[in-house]
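At position 277 of the sequence shown the residue is numbered 608 (this note's numbering), and the sequence of numbers has no breaks.
By construction, the Cβ of each residue, glycine as well, lies at the ideal position given by its N, Cα and C atoms.
Please read the structure below before turning to the comments.
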Amino acid sequence: MASDPNLTSLTLAEAREGLLKRDFSSAELVRATLDRIDETEPRVQACLHVLRDKALADAAALDGAGPDRSKPLWGLPVTVKDVFLVRGAPTTAGSRMLSGYMPGFEAGVVTRLRAAGAVITAKTNLDEFAMGSSTEFSAFRPTRNPWNLSRVPGGSSGGAAAGISARQAPGAFGTDTGGSIRQPAALCGCVGLKPTYGRVSRYGIVAYGSSLDQAGPLARTVGDCGMLFGAVAGPDGRDSTSSRVPLEDLSAMTPPEASKLRFALPRELWEGRFDTEVEKVLSSARRVMESAGIRLEAVSMPSIRYSVAAYYVIAAAEASTNLARYDGVRYGLRAPGRGDLLSLYRESRTEGLGPEARRRILLGTFALSSGYYDAYYRKAAQVRRLIHEEYARILGEFDFILAPVSSIPAWPFGSFTDDPLTQYQLDVMTLPLNLAGGPGLSLPAGLGADGLPVGIQIQGPHFREKPLLEAGMLLESMFPRLPEPAFVSG
Ligand code: GLN
């Protein structure tokens with residue numbers, strides 16, 4: 332059945348209003364988004380599992396009880412990246428290693444989404460174990476960018492971003508270890524928030540780099556990201572790194588006055604090489620901000636230069652320990668082996684893990700091995716400390732940091748799959764923030780002449796998501812509003 336564009340094009344905030352006024356029911360809204368998934372999936376491939384029956388049943392149950400204003404996401408369809416455990420649905424983390432795994436418990440984020448009244452409609456595609464920047468390392472299929480189907484959607488939360496952009500859902504959850512929410516949001520023309528490390532529970536999320544992983548929302552507007560974030564953020568006793576810092580009251584958000592704002596622009600990020608269209612859109616975004624009275628000042632953050640090296644040592648080291656559990660005995664796919672334990676381990680891991688996951692395990696195991704620990708892991712931890720201090724210093728002087736998200740727009744499939752180092756370098760705009768731990772918001776700055784969206788990001792002090800979102804709302808009102816994606820093929 333053709334989906335109803337009047338329902339699928341609504342933002343979360345608009346859909347909430349319609350639901351509360353009973354203009355339409357949750358079942359109608361959820362059905363429209365499920366139909367839209369059916370319609371667009373052959374081209375986009377954003378979902379790994381569509382929870383059609385369960386979602387329709389959940390929506391019908393909500394409708395039966397009637398609209399509930401006290402629930403911030405009442406009746407609203409939301410997707411989650413396939414690293415969040417959802418009861419009754421498979422979780423693969425984009426890996427063959429977890430094919431067939433049905434979790435016996437649910438992620439903290441998912442429990443809170445349900446408590447807030449949300450309906451989970453689908454589990455979205457990602458790079459295997461969230462390792463990647465293009466969704467090409469999904470063990471199942473790549474996701475395509477709705478703006479141009481021959482391009483990647485970014486990653487690792489590529490399915491989440493492509494789904495939002497294709498109007499498959501008004502809201503989504505992803506995870507960001509080194510940019511995996513902000514970068515696909517930028518490449519697909521949507522908004523993505525990486526909250527402060529510890530702000531959103533990691534309980535029940537398949538781990539990649541545990542000291543960096545953070546869950547957060549993607550949506551089509553900054554306000555919608557705020558709604559989703561507010562519904563899930565806050566302490567969770569089941570995640571030992573979850574923070575007890577009180578959550579700010581997000582019920583009334585007011586954009587700040589432009590003339591009072593000072594943004595720091597790190598030279599290390601702004602003075603590199605950019606694609607011409609990206610450069611044009613970013614320059615015009617800066618001009619618009621300045622003419623509105625926002626002060627933009629260049630600063631130096633020298634340790635950013637070492638962030639890619641430090642991140643790929645720390646993230647790989649943590650990945651190698653997190654993935655050690657998938658041995659075919661206690662967890663994960665089990666290959667037959669040749670009658671001894673070693674061959675069972677070897678064959679299970681060879682069959683279960685793709686090339687990028689293996690590369691990370693090898694890199695990480697090497698960096699942690701005795702004799703190399705000081706040269707790699709300890710050094711990377713020292714760089715991390717420097718980055719943290721540099722962020723604190725700059726954010727002590729300025730309100731926010733303004734940075735690009737990606738120096739190039741969505742790229743053609745296969746551009747970097749054989750060149751991991753170049754691919755890693757492209758993450759330089761996003762991963763310093765993960766090393767520092769603070770929150771960052773990526774929002775569309777405009778569309779290039781190539782028809783591809785360009786994102787820009789703002790980063791702020793730890794646990795200050797509210798002023799970050801408010802500043803994001805101000806910028807959103809200044810930047811051009813993107814049309815619906817064109818689904819151009821090639
Ligand atoms: N591209 C980065 C990596 O491959 C970030 C991924 C992420 O944030 N999950 O590690």
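| query | result |
| --- | --- |
| Check: residue 539 C-beta below 7 Å from any heavy atom of the ligand GLN | yes |
| Reduced DSSP category for residue 474 - H, G, I as helix; E, B as strand; rest coil | coil |
| Three-way DSSP call (helix, strand, coil) for residue 786 in this model | strand |
| Boundaries of the beta strand (DSSP E) in which residue 417 is found, first to last residue | Counting along the chain, residue 417 falls outside any beta strand (DSSP E), and DSSP gives it neither H nor E. |
| Nearest candidate by alpha-carbon position, reference residue 496, set 389, 790, 783 | 783 |
| Residue 491 Cβ short of 7 Å to the ligand GLN heavy atom set | no |
| Where the beta strand (DSSP E) through residue 525 begins and ends | 522-525 |
| Close Cβ partners of residue 358 (< 6 Å) along its chain, the five nearest in sequence each way excluded | 390, 391, 394 |
| Residue range of the unbroken beta strand (DSSP E) whose run includes residue 408 | 408-412 |
| Stretch pair the stretch 408-418 + the stretch 523-530: three plus CB contacts closer than 8 Å | no |
| Residue 646 CB to nearest heavy atom of the ligand GLN below 7 Å | yes |
| 6 Å Cβ shell around residue 632 - same chain, five flanking residues per side excluded | 597, 599, 721 |
| Residue 340 - DSSP class collapsed to helix/strand/coil | coil |
| Helix, strand or coil at residue 479 according to DSSP, with G and I counted as helix | strand |
| CB of residue 501 within 8 Å of CB of residue 693, strictly | no |
| Residue 556 beta carbon less than 8 Å from that of residue 455 | no |
| Beta-carbon separation (whole angstroms), residue 553 vs residue 800, contact threshold 8 Å | 6 Å |
| Whole-Å CB distance - residue 498 paired with residue 339, under 8 Å assumed | 4 Å |
| Residue 645 - containing alpha helix (DSSP H), residue span | 638-653 |
| Outcome for residue 574 when other beta-carbon atoms lying within 10 angstroms are tallied against a minimum of 16 | buried |
| DSSP bridge partner residues for residue 731 (one or two, in chain order) | 594 |
| Reduced DSSP secondary structure (H/G/I, E/B, other) of residue 680 | helix |
| Whole-number beta carbon distance between residue 604 and residue 465, since they are thought to touch under 8 Å | Residue 465 to residue 604, Cβ: 20 Å. No contact. |
| C-beta atoms of residue 404 and residue 558 nearer than 8 Å | yes |
| Under 8 Å between C-beta atoms of residue 477 and residue 461 | no |
| Within-8 Å CB hit, residue 750 to chain D | Of the protein chains in this structure there is only one, and it is not chain D. |
| Assigned exposure category for residue 769 - 16 Cβ within 10 Å defines buried | buried |
| Alpha helix (DSSP H) segments (min. 4 residues) lying fully within the stretch 505-578 | 513-519, 553-563 |
| Sheet register partners of residue 628 (DSSP bridge) | 595 |
| Reduced DSSP secondary structure (H/G/I, E/B, other) of residue 487 | coil |
| Residue 451, enclosing beta strand (DSSP E) - first and last residue | 450-455 |
| At least 3 beta-carbon pairs within less than 8 Å: the stretch 561-577 vs the stretch 442-449 | yes |
| Neighbour-count burial assignment, residue 822, 16 or more Cβ in a 10 Å radius | With the chain represented from 332 up to 821, any question about residue 822 goes unanswered, as that position is not in the structure. |
| Heavy atom of the ligand GLN within 7 Å of residue 652 beta-carbon | no |
| For residue 373 and residue 347, the rounded distance between their alpha carbons | 29 Å |
| The ligand GLN heavy atom lying under 7 Å from the CB of residue 395 | no |
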